[in-house]
Amino acid sequence: MSPSDEGAMLSTSSAASRNTSGNSVRSGAARPTKVDRAIKPRSRRGGGGKTRGPGSSGGPRTGGDTTTGLTRVQKFGLLFGFIAFLIPLIVDVPNLDEPGERMLAIFLLAIVFWVTEAVPLTATAVLVILLEVLLVAQGALFDPFAASPELAEAALPASAYFAALANPVIILFLGGFMIADGAEKYGLDKNITAVMLKPFAGSARSTVLGLMLITGILSAFMSNTATTATMFAVVIPILNSIKDPKARAGVALAIPLAANVGGIATPVGTPPNAIAIGALSTQGIDVSFAHWALMATPFALVVLFASWLLICALFIPRGETIKLEVEANWNMTSKAKIFYAVAALTIALWMTEPLHGISSNTVGFIPVALLLCLRVMDGGDIKKLDWPVLWLVSGGIALGTGVGATGLDAWLVNSIGWESLGTMGVILVLCFVGLGFANVMSHSAAANLLVPLAISLAVAIPGTNTMMIAVVVAIATSLGMSLPISTPPNAIAYSTGMVSVKDMAIIGVIVGLVATLALALAMPPLWQLMGLV
25 MSPSDEGAML STSSAASRNT SGNSVRSGAA RPTKVDRAIK PRSRRGGGGK
75 TRGPGSSGGP RTGGDTTTGL TRVQKFGLLF GFIAFLIPLI VDVPNLDEPG
125 ERMLAIFLLA IVFWVTEAVP LTATAVLVIL LEVLLVAQGA LFDPFAASPE
175 LAEAALPASA YFAALANPVI ILFLGGFMIA DGAEKYGLDK NITAVMLKPF
225 AGSARSTVLG LMLITGILSA FMSNTATTAT MFAVVIPILN SIKDPKARAG
275 VALAIPLAAN VGGIATPVGT PPNAIAIGAL STQGIDVSFA HWALMATPFA
325 LVVLFASWLL ICALFIPRGE TIKLEVEANW NMTSKAKIFY AVAALTIALW
375 MTEPLHGISS NTVGFIPVAL LLCLRVMDGG DIKKLDWPVL WLVSGGIALG
425 TGVGATGLDA WLVNSIGWES LGTMGVILVL CFVGLGFANV MSHSAAANLL
475 VPLAISLAVA IPGTNTMMIA VVVAIATSLG MSLPISTPPN AIAYSTGMVS
525 VKDMAIIGVI VGLVATLALA LAMPPLWQLM GLV
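Going by my numbering, the sequence shown opens with residue 25, and the numbers climb by one from there.
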């Protein structure tokens, strides 16, 4: 899972340091002296994350981290963001009421700050909520509703914006965080990897397929960053046993690619999914865990398989073999057994929501309560959860709420001739804009900006399905993975020294463009045929 958001990056810590019951992996080669210094799985929700802002220098950093100095891009972002914020407040915007002008100022500020990372991503998210409370909520400063009783009646109270911090989707993600954290704590992630890799030993191509499937499955329930870290901790010795540099690069590239794609499959897989579900809930559209999985999993599997074929064609020669021996060492303490049972129960309840009727958001709180009450996890584990990602998702939900409540959505729709593009044209434009944004900024930030706009367009354009366009745009923002800075899993792979920027760009661009095109053109009619939208 991501992002967030935003995933941890490079450190000298080994990924196995936290496991109380790891597994051993032997490839017949000595362990490398250069350990996987890129891996630090304590970070969470990296799928939507980004490693460093455009134009930044130095080592990778997370979108939520503070830095001692600002890059030129960040300094420009602070200045340009402030100017962009002031323009709608000073200049009268045609056909837009004052609450909408204020919300436009907040929206532009969020765009600039999220693109340039002038301030940390999470800081921008909470700033959005604060500015909405001060400027467009009931009782706002210099009341913008005084001139119009109709606007005053439509205004939301401050509690409606603060409620984004406790939106049910946040609870769903919190449960996913607890399961992912526990899986790492009790070694479940590595042991599952060891067991599932055994059938794929021998041919290098089959091993890559196994690695991608396992990574994709884990990433559907864990942070994309943590999944990538875990997988590299397992396969670093394998990579060093491969003599062909090209084949070694192909194996290394397969892991971050599968982590990014696997996060698409479930609501807890990556933050853009949660952003879309949260935004849809404000429109009265509830998307269950199983419903999302039915929509997204087939697409993720097709992209994974096509990506495997591409990697094999470009990097893995026929006849290449990998000597692979894996052993699982299961933690059989009473606490570990309880964790296994709670995790299995939670996932089972998520997948069978249509049968029992318990909301997936409510189910997400079950592991939080049980694991703490049974002392399987404690306050220290709670502190280590990726709270900034939850705040980032909250900021996106609040942004969508404000855009709809102030009439800014209608103005954005009416100011551009979207109707002339038709539903398919709108989908294509938003998907490829999302793909472009996600390659140079946080996946979560891209989703925060585009999903509310997509929903507004769907509501305004006759014949456009709101759920369909929100899901498509959110998934498109998870396909940006052509650069080391695009997402933390990419940065982890690049930091091993086995992957070049050129190879990463080739794979990322091809997969991103083809998958986005297929997403926009093929998935909506398929979902309609299946009765999912």
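Think of the CB as a built atom: it goes at the ideal place given N, C-alpha and C, for glycine as much as any other residue.
The alpha helix (DSSP H) enclosing residue i, as first and last residue numbers
| i | result |
| --- | --- |
| residue 307 | Element bounds for residue 307: n/a, residue is neither H nor E. |
| residue 98 | 96–114 |
| residue 213 | 212–221 |
| residue 528 | 525–545 |
| residue 205 | 192–209 |
| residue 256 | 248–265 |
| residue 335 | 313–338 |
| residue 447 | 446–464 |
| residue 374 | 358–375 |
| residue 245 | No alpha helix (DSSP H) contains residue 245, which DSSP labels as neither H nor E. |
| residue 270 | 269–286 |
Euclidean distance between Cα positions of residue i and residue j
| i | j | result |
| --- | --- | --- |
| residue 398 | residue 431 | 48 angstroms |
| residue 184 | residue 202 | 27 angstroms |
| residue 458 | residue 266 | 36 angstroms |
| residue 455 | residue 528 | 21 angstroms |
| residue 136 | residue 414 | 21 angstroms |
| residue 429 | residue 178 | 7 angstroms |
| residue 447 | residue 287 | 26 angstroms |
| residue 259 | residue 216 | 14 angstroms |
| residue 367 | residue 197 | 14 angstroms |
| residue 453 | residue 495 | 14 angstroms |
| residue 339 | residue 271 | 5 angstroms |
| residue 211 | residue 544 | 38 angstroms |
| residue 289 | residue 320 | 5 angstroms |
| residue 332 | residue 325 | 11 angstroms |
| residue 133 | residue 122 | 17 angstroms |
| residue 302 | residue 219 | 36 angstroms |
| residue 470 | residue 464 | 9 angstroms |
| residue 182 | residue 515 | 39 angstroms |
| residue 405 | residue 205 | 8 angstroms |
| residue 557 | residue 444 | 23 angstroms |
| residue 382 | residue 245 | 19 angstroms |
| residue 403 | residue 280 | 31 angstroms |
Exposure of residue i, with buried meaning 16 or more beta-carbon neighbours within 10 Å
| i | result |
| --- | --- |
| residue 112 | buried |
| residue 156 | buried |
| residue 214 | buried |
| residue 268 | exposed |
| residue 223 | exposed |
| residue 99 | exposed |
| residue 107 | exposed |
| residue 125 | buried |
| residue 119 | exposed |
| residue 388 | buried |
| residue 96 | exposed |
| residue 103 | exposed |
| residue 407 | exposed |
| residue 526 | exposed |
| residue 141 | buried |
| residue 174 | exposed |
| residue 327 | buried |
| residue 144 | buried |
| residue 73 | Because residue 73 sits at a pLDDT of 42, beneath the cut-off of 50, its placement in the model cannot be relied upon, and the following sentence gives the value as read from the coordinates. Residue 73 is buried by the Cβ-count criterion. |
| residue 440 | exposed |
| residue 341 | exposed |
| residue 461 | buried |
| residue 473 | buried |
| residue 84 | A caution first: residue 84 carries a pLDDT of 36, below 50, which makes its placement in the model too unreliable to give a value. |
| residue 166 | exposed |
| residue 115 | exposed |
Beta-carbon proximity of residue i to residue j, cut-off 9 angstroms
| i | j | result |
| --- | --- | --- |
| residue 467 | residue 295 | yes |
| residue 313 | residue 384 | yes |
| residue 251 | residue 243 | yes |
| residue 450 | residue 485 | yes |
| residue 330 | residue 517 | no |
| residue 425 | residue 188 | yes |
| residue 309 | residue 490 | yes |
| residue 226 | residue 345 | yes |
| residue 152 | residue 228 | no |
| residue 131 | residue 311 | no |
| residue 401 | residue 209 | yes |
| residue 117 | residue 128 | yes |
Inside the region 402–437 only - alpha helix (DSSP H) runs reaching at least 4 residues
You should have 403–408, 411–429.
Mind listing, in chain order, the continuous alpha helix (DSSP H) runs of no fewer than 4 residues lying wholly within the region 123–197?
Complete alpha helix (DSSP H) runs here, min 4: 145–159, 173–178, 182–186.
Write down every uninterrupted run of the alpha helix (DSSP H) in the region 489–523 whose length is 4 residues or greater and which is fully enclosed by it, in chain order.
490–500, 512–519
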